[in-house]
Amino acid sequence: MGFCESLLILLLALPAVGAIVVACLGQGRALLVRQISLGVTMGGALIALILAIGVAEHPSPAAQTTFHPRFVPGATAASPDKTTWNLIDFNLGRAVKTDKHAPKLGAIQFYVGLDGLNVWLIALTALLMVSSVLISWKAITERVHEFHAWLLLLGCAMIGVFLAFDIILFYVFFELTLIPLFFLIGIWGGPERRYAARKFFIYTLAGSVITFLGLLAIVVVCYQRGGHVLTFSIPELITTFNLLIEQADGIPRERDFYQSFQFWVFLAMMAGFAIKVPLFPVHTWLPLAHVEAPTAGSVLLAGVLLKMGTYGFLRLCLPLAPDASISLGAPIIGTLSVIGIIYGALCAKAQDDIKKLVAYSSVSHLGFCTLGMFALNSTGLTGSLMQMINHGLSTGALFLLVGMIYERYHTRKIADYGGLGAKLKSITFCMVFISLSSVGLPGLNGFVGEALVFFGMFETRKLFAILGTAGIILGAWYLITMLKQVFFGALKEPHHDGPAVEDISVREIAALAPIMALCLLLGVYPQPVLNSVKSDVDVVANILDRRQNLATAQAEALRLSRQAPREK
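One point on numbering: in our numbering, the residue at position 300 of the sequence shown is 828, and numbering is uninterrupted.
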């Protein structure tokens, strides 16, 4: 096993081991718990950076028909993008058994790896984990060891979701994220934390169970109709299923079966991923969860967990149900995305709670991710992926800043503040910078993703693109209004007990500075990221292009066949 493969395992194992260690230390050693958590997360961030550089320097080859992950533990020289590490071997199928080192089918595998779709989301997760530990340093004073144990376990699960290339492993990690966040909200949250935690858990669990049924249906159909070879490998399933639907195109009965099958599978996957994003109208759990969650929980929820929904659409839904994504997903998800963009922005403008304002801004901004994704072309898909990264940075930083202000004044009411820029100059600068990043100011990260999303959507559905631009205008409106009320004008401080309020601390600078630096870097020089994601985005785009071209050809043939009798 190579160096990078070892790092990949360490990236996943480090937070899990750290969670066990801090859980065993007990309440009386809070400082040591914090130091261990910080060391673990900083180590994870360093590993993620090394791996990201490795992927950026060696992007995937072009013209692929499925995903080919790199740095796969358990891979062989003959199959460097597949693993031989089986978790549960069903001993089914026609896999060759003579070579013990050959990749085995008929098994649930520990199949993890990196490619252009997941590497930057993993780096984002690792970075925000460091910021979450730092922002919780003083804010969490009760049951500190339990808090950090759940936080590190959440980090492990989130990284596992993005790393997984086995469909069962993906689902296990996907569900595992619910448990730590449920406790983080339910124990260390606000006054309505228990209700918020229950609502979050029930909503997301119900949707993901339906999604799991859809994923299992894909596995069963590929097994029954694809040569009786059982596989849970995502790349293998994509290859097999797309081959099956291409072979069925010339057989009307088979074609109708696969069209109907994709329709139901798409709806099943949409149920879980749309709730996780969340898309309008299944977004109602999110504002309450954000408001009641501790700052670290909000940072990770907005910065990473919501991306699991958009990532699920990109990794699984589009390549495994391409026809349904074109005929059903593009109009429905596109419409819901536009509604969510405008509705979320209007709701954000109406809020008097600064944390709820940022929560509704997430509903609006994530609408751009799904809008670009269902442009169903390479430009839109790339913009969607960039927007996921940019939203994680900008909104994660906004929640960090809201947490800093709340830690000083213990109120989130916008009307209680005014003119804080005169007293908290550094925090004000950071808030203005991140707000401009969030609204997509040219030169900052938000502009790149939004521009690509709209370029992609203008190629396919101009009306959606035009309506979506309203979200940018509304986003600037509510954020600038909030900045004016809270940070400018006459000084107005809420009543607070304790020592005098001070500006940003060194610890808070350490939590924010890397995020702000990346917001600037991705705004002026996004090309390394764009280059590293291109070939893997093109895998999805090529699948969709083939199906769209075939659908267009079939529609034209049908039109001509109907026109011919009339001409006679």
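For glycine and all other residues, C-beta sits at the position ideal for the given N, C-alpha and C.
The criterion of a C-beta distance shorter than 8 Å is satisfied by residue 680 and residue 543.
For residue 556, the three-state secondary structure derived from DSSP is helix. Judged by pairs of C-beta atoms under 8 Å, the region 791-803 touches the region 728-737, as three or more such pairs exist. In the structure shown, residue 946 adopts extended strand secondary structure according to DSSP, grouped into three states. In this structure, the beta-carbon distance from residue 762 to residue 695 falls below 8 Å. For residue 784, the enclosing alpha helix (DSSP H) stretches over residues 780-804. Nearest in C-alpha terms to residue 1013, of all of 826, 786, 941, is 941. When Cβ pairs closer than 8 Å are counted between the two stretches, the region 894-906 is seen not to touch the region 1014-1029, the count staying below three.
For the pair residue 922 and residue 1047, the CB atoms are nearer than the 8 Å cut-off. In chain order, 613, 615 place their CB closer than 6 Å to the CB of residue 638, counting only its own chain and leaving out the 5 sequence neighbours on each side.
Residue 598 sits in a strand when the DSSP states are folded into three classes. Contact between residue 536 and residue 640 holds: their C-beta atoms lie close to 6 Å from each other, under 8 Å. In the assembly as shown, residue 721 is a buried residue. Its beta-carbon has 16 or more other beta-carbons within 10 Å. With a threshold of 16 other beta carbon atoms within 10 Å, residue 825 meets it and is buried. Beta-bridge annotation (DSSP): residue 694 is paired with 761.
Looking only at 741, 599, 719, 710, the smallest Cα-Cα distance to residue 728 is reached by 710.
In this structure, residue 713 and residue 820 form a Cβ contact; the two beta carbons are roughly 6 Å apart against a cut-off of 8 Å. The C-alpha of residue 682 is placed about 13 Å away from the C-alpha of residue 836. Under DSSP, the beta-bridge partners assigned to residue 617 are 635. Distance between residue 1050 and residue 955, taken at the CA atoms: about 22 Å. Here the C-alpha atom of residue 995 lies approximately 15 Å from the C-alpha atom of residue 860. Here the region 766-780 makes no contact with the region 643-652; the two share fewer than three CB pairs at distances below 8 Å. Spanning the alpha carbons of residue 634 and residue 793 requires a straight line of approximately 22 Å. Going by beta carbons, residue 533 and residue 599 fall inside the 8 Å limit. Check the Cα spacing between residue 888 and each of 895, 880, 873: the tightest is with 873. Ranking 972, 1031, 987 by CA distance to the CA of residue 950 puts 1031 first. Inclusion of residue 884 and residue 815 in the CB contact set at 8 Å is warranted, their separation being smaller than that value.
Rounded to the nearest angstrom, the Cβ distance from residue 717 to residue 1060 is 37 Å, too far for a contact under 8 Å. Looking from the CA of residue 893, the closest CA among 946, 914, 603, 788 belongs to 914. In the DSSP assignment, residue 1015 falls within the alpha helix (DSSP H) that extends over 990-1015. For the pair residue 577 and residue 583, the Cα-to-Cα distance works out to about 10 Å.
Of all alpha-carbon atoms in 1010, 647, 771, 1033, the one lying nearest the alpha-carbon of residue 916 is that of 647. Counting along the chain, residue 1053 sits inside no alpha helix (DSSP H), nor does DSSP assign it H or E at all.
Contact between residue 890 and residue 834 holds, with the beta-carbon distance rounding to 7 Å and staying under 8 Å. Each residue's CA atom was taken as its position, placing residue 928 and residue 1075 some 43 Å apart. Taking C-beta atoms as the reference points, residue 662 and residue 1035 count as a pair closer than 8 Å.
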